[in-house]
Amino acid sequence: MNLDLSPQELAFRDEVRAFLAASLTAELCEAGRHATSVFIDKRFSLAWQKILHVKGWVAPSWPVQYGGTGWSDMQRYIFAAECARAGAPSLAPMGLRMVGPCIMRYGTEEQKAQHLPRILSGEDYWCQGYSEPGAGSDLASLQLRATSDGDDYVLNGSKIWTTHAHWANRMFCLVRTRSEGKPQAGITFLLLDMAAPGIAVKPIITLAGEHEVNQVFFDDVRVPKTNRLGAENDGWTVAKYLLEFERGGGSGAGLAISLQRIRALAAAQASDDGLCLLDDESFATRLADAAIAVEAIQMTEHRVMSALSAGKNPGPASSLLKMHGTEAMQRLDELAIEAVGHYAVVDQPAARLPGSNVAPVGPREGLLAMARYLNNRAASIYGGSNEIQRDIVARLVLGL
Ligand SMILES: Cc1cc2nc3c(=O)[nH]c(=O)nc-3n(C[C@H](O)[C@H](O)[C@H](O)COP(=O)(O)OP(=O)(O)OC[C@H]3O[C@@H](n4cnc5c(N)ncnc54)[C@H](O)[C@@H]3O)c2cc1C
């Protein structure tokens, strides 16, 4: 985005740059720059989260009373852009961006006091238990049964595609507490301890060969009713509120950095006739299209940030952002593959290891381009597929 920063904003940008230069270790930068998915290894995201927490900068979009920074939209944008520019690792969104705002809105004072500080500090690492083998887009058909038994619910069933469940110590989870009537009206939102007896986490290995998602099985798992967020059978209200945050937080600044990286890579790929990939009209046109899309995403993101800082939920703008953000990401992945050419399919495990001294054959980007391409295919599916987002926009924005 073309920003005319005021002197105060320039001073803030310099303060952020100085902090990043002093705090980001080479290992953290490597983890950030070499990430092949938006979800990065917990070791690195948590290490960075702890540094930000000490500084008081871990949750810029939270209200000040709960530990937010009180920054303006522009300051938050500058911070996100500078983090992306410096190669900072991304933070896991499940606590900070997803369940945190729901606890603020629907939690009791005890729940807020128990969970919010631990989300900020990273002591609690959350995963999201929404999808089931028979319930994804049609989430309301979920079947994980929660039977009332005194002060507890007893859970039986399973959740699937649960990102980082193997690392999480907490899960926010949708369960069925009533089978009669409208499916949405029988769902309850629970906050679980992953160490509860009866929970088993089984890995699902993705196309890129990585362990990011899981299936989680529940066998007579007891959950105290005090762990319920909102009223019994009213979990759908909380679930929908959370999804707006899940969908609203793509990083336009990160896409802009990817764009720069691909442009530099394409400029360096000289062919025998002395031309580089940027001289190829088809490639250059698609790169320019992607650049326009990234610019538009940054504008929409600014709107979403304004809504959040005005204490509003993002509404359908978060669906637009989710669709356009993930589609731009996938277009950039395709351009990156084209830019590295056949190096994208040469497996170089020794050079790919974090911190490896083995020099890659071909450009370093060649080590990561295919894994990014494969992992990011999922981005237009998770968080509600893009077809579903288009449906939401058609109903809420176009009134169809
Ligand atoms: C990598 C990854 C990580 C994930 N992480 C999590 C997680 O942490 N927690 C969690 O709860 N879930 C997670 N998910 C699950 C994700 O939210 C679901 O995959 C998604 O909602 C789609 O559901 P489904 O897979 O059951 O596909 P389906 O709902 O069966 O959809 C299949 C296809 O049909 C299309 N479709 C379905 N209904 C409609 C319709 N009404 N109109 C038009 N098209 C339609 C979809 O767009 C899709 O293309 C993850 C998924 C992936 C791939």
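Heads up: the sequence shown at position 5 corresponds to 30 in the working numbering, and the numbers run straight through without jumps.
Cβ coordinates follow ideal geometry from the N, Cα and C atoms, glycine included.
Complete runs of the alpha helix (DSSP H) confined to the region 317–383 [at least 4 residues]: 342–365, 374–377
query = Just reading off the beta strand (DSSP E) that L215 is part of, what are its end residues?
reply = Counting from one through the sequence shown, the residue named residue 215 turns up at place 190. Its beta strand (DSSP E) spans residues 212–218.
Exercise for review: With a cut-off of 8 Å on the beta carbons, I'd call V41 and E107 a contact; round off their distance for me.
Suggested key: By 1-based counting over the sequence shown, the position of residue 41 is 16. By 1-based counting over the sequence shown, the position of residue 107 is 82. Indeed they touch by this definition, with Cβ atoms about 5 Å apart.
*asked:* So, at 6 Å on beta carbons, what are the nonlocal neighbours of V226 in its own chain, with the 5 sequence-adjacent residues on each side left out?
replied: Working through the sequence shown from its first residue, we reach residue 226 at position 201. Cβ within range, chain order: A190, H191, N239, V241.
Given P222 as reference, the closest of A210, E55, D244, D39 once Cα atoms are compared
Against the sequence shown, residue 222 aligns to sequence position 197. Checking every option, the nearest Cα to that of P222 belongs to D244.
Please list, in chain order, all residues of the same chain as A109 whose beta carbon is under 8 Å from its beta carbon, the five residues on each side excluded. By 1-based counting over the sequence shown, the position of residue 109 is 84. Within the same chain, Cβ atoms closer than 8 Å to the Cβ of A109 are found at S276, A278, G279, A281, I282, the five residues on either side in sequence being excluded.
**Request:** Taking V63 as part of the alpha helix (DSSP H), name the residues at either end of that continuous run.
**Result:** One-based indexing of the sequence shown puts residue 63 at position 38. Element bounds for V63: n/a, residue is neither H nor E.
- Query: Do A364 and L302 have their C-beta atoms closer together than 9 Å?
  - Reply: Numbered from 1 along the sequence shown, position 339 holds the residue referred to as residue 364. Numbered from 1 along the sequence shown, position 277 holds the residue referred to as residue 302. Yes, the pair counts as a contact, with Cβ atoms nearer than the cut-off.
| said: With a threshold of 6 Å on Cβ separation, who are the neighbours of L71 within its own chain once the five nearest residues in sequence on each side are excluded? | reply: Numbered from its first residue, the sequence shown carries residue 71 at position 46. So the qualifying residues of the chain are G147.
Point to revise | Cut-off 6 Å between Cβ atoms - residues of its own chain near W261, not counting five sequence neighbours on either side | key: Position 236 of the sequence shown, counted from the start, is the residue given in the question as residue 261. The residues are Q209, I212.
ask   = Which residues share a DSSP beta bridge with Y178?
value = Counting from one through the sequence shown, the residue named residue 178 turns up at place 153. BP columns for Y178 point to S173, V248.
What is the DSSP secondary structure of E52, reduced to helix, strand or coil? As a first step, residue 52 is located in the sequence shown; it is residue number 27 there, counting from the start. The answer is helix: DSSP assigns E52 an H, G or I state.
Original post:
When DSSP labels each residue in this structure, what does L199 get in the three-state scheme?
Top reply: For the purposes of this step, residue 199 is taken as the residue at position 174 of the sequence shown. Strand at L199.
Exercise. Can you give me the start and stop residues for the alpha helix (DSSP H) that I417 sits inside?
Key: The count along the sequence shown starts at 1 and reaches residue 417 at position 392. Element bounds for I417: 411–421.
Contact under 9 Å by Cβ, D174 with R247: Here residue 174 refers to the residue found at position 149 of the sequence shown. Here residue 247 refers to the residue found at position 222 of the sequence shown. Result yes, Cβ atoms of D174 and R247 sit closer than 9 Å.
Review point. Can you find a heavy atom of ligand 1 that lies under 8 Å from the Cβ of N411?
Key: For the purposes of this step, residue 411 is identified with residue 386 of the sequence shown, where counting begins at 1. Yes - ligand 1 has a heavy atom lying nearer than 8 Å to the Cβ of N411.
(request) Give a yes or no on contact between the region 307–324 and the region 373–388, applying the rule of three or more CB pairs nearer than 8 Å. (result) no
Check your understanding: Just to confirm, are R122 and A171 a CB contact at a threshold of 9 Å?
Key -> To locate residue 122, count along the sequence shown from 1; it is residue 97. To locate residue 171, count along the sequence shown from 1; it is residue 146. Cβ distance not < 9 Å, so R122 and A171 don't count as in contact.
inquiry  = At the level of alpha carbons, what is the spacing between I406 and Q168?
reply    = For the purposes of this step, residue 406 is identified with residue 381 of the sequence shown, where counting begins at 1. For the purposes of this step, residue 168 is identified with residue 143 of the sequence shown, where counting begins at 1. Those two C-alpha atoms are separated by around 21 Å.
Pop quiz: G263 and S344 are said to be a contact at Cβ under 8 Å. What is the actual Cβ separation, rounded to whole angstroms?
For the purposes of this step, residue 263 is identified with residue 238 of the sequence shown, where counting begins at 1. For the purposes of this step, residue 344 is identified with residue 319 of the sequence shown, where counting begins at 1. Note that residue 263 is Val in the sequence shown, not Gly. Not quite, the Cβ-Cβ distance comes to about 18 Å (not below 8 Å), so this is no contact.
_Between the region 128–143 and the region 74–81, can you find at least three pairs of beta-carbon atoms closer than 8 Å?_
no
(message) Counting C-beta neighbours from all protein chains within 10 Å, is the total for D163 16 or more, i.e. buried, or is it exposed?
(response) Translated into positions along the sequence shown, residue 163 becomes position 138. D163 comes out exposed.
- prompt: Hey, would you say the C-beta of K250 is under 8 Å away from at least one heavy atom of ligand 1?
  reply: Stepping through the sequence shown from its first residue, residue 250 is reached at position 225. For ligand 1, not one heavy atom lies less than 8 Å from the Cβ of K250.
**Asked** Residue range of the alpha helix (DSSP H) that P228 falls in?
**Response** Along the sequence shown, read from residue 1 onward, the residue named residue 228 stands at position 203. Note, P228: premise wrong, no alpha helix (DSSP H); beta strand (DSSP E) at 224–230.
request  = Just confirm the distance between the C-beta atoms of I128 and L254, as a whole number of angstroms; I'd bet it's less than 8 Å.
outcome  = Here residue 128 refers to the residue found at position 103 of the sequence shown. Here residue 254 refers to the residue found at position 229 of the sequence shown. Between I128 and L254 a beta carbon distance of about 7 Å is seen, short of the 8 Å cut, so the two are scored as contacting.
Next item on the list: Please state whether DSSP places L425 in a helix, a strand or coil.
Entry: Mapped onto the sequence shown, residue 425 falls at position 400. Coil.
Item to complete: For the alpha helix (DSSP H) holding Q139, just list the boundary residues, first then last.
Response: As a first step, residue 139 is located in the sequence shown; it is residue number 114 there, counting from the start. Run containing Q139: 134–146, per the alpha helix (DSSP H) assignment.
Quiz item: Is F197 closer than 9 Å to Q139 when the C-beta atoms are compared?
Solution: As a working note, residue 139 is residue 114 in the sequence shown. As a working note, residue 197 is residue 172 in the sequence shown. In this structure, F197 does not lie closer than 9 Å to Q139 by Cβ.
Reference P142, options N252, A43, E257, G93, closest by Cα: Taking the first residue of the sequence shown as 1, we reach residue 142 at position 117. The shortest Cα separation from P142 among N252, A43, E257, G93 belongs to G93.
Assign A160 to one of three DSSP states: helix, strand, or coil. The residue given as residue 160 occupies position 135 in the sequence shown. Strand.
Task: 7 Å Cβ shell around P249 - same chain, five flanking residues per side excluded - done: For the purposes of this step, residue 249 is identified with residue 224 of the sequence shown, where counting begins at 1. The answer, listed in chain order, is D176, D177.
Item to check | Enclosing alpha helix (DSSP H) for C108 [first to last residue] | outcome: The sequence position of residue 108 within the sequence shown is 83, counting from 1. It spans 98–111 - the alpha helix (DSSP H) in which C108 sits, taken as one unbroken run.
**Prompt:** Going by beta carbon distance, what residues of the same chain come within less than 7 Å of M119, once the five residues before and after it are set aside?
**Reply:** Taking the sequence shown and counting its residues from 1, the one referred to as residue 119 is at position 94. The residues are W151, C152, Q153.
Assuming contact is defined by CB atoms lying nearer than 9 Å, are L346 and L312 in contact in what I supplied? Counted from its first residue, the sequence shown places residue 346 at position 321. Counted from its first residue, the sequence shown places residue 312 at position 287. Result no, Cβ atoms of L346 and L312 do not sit closer than 9 Å.
Report all residues from its chain with a CB closer than 8 Å to the CB of A316; omit the five preceding and five following residues, and keep chain order.
Position 291 of the sequence shown, counted from the start, is the residue given in the question as residue 316. Excluding residues within five positions, the ones whose Cβ falls inside 8 Å are L284.
Practice item. Go through its chain and collect everything with a Cβ distance to A220's Cβ below 8 Å, but skip five positions before and after it. Key: Stepping through the sequence shown from its first residue, residue 220 is reached at position 195. Same-chain partners within the cutoff: N194.
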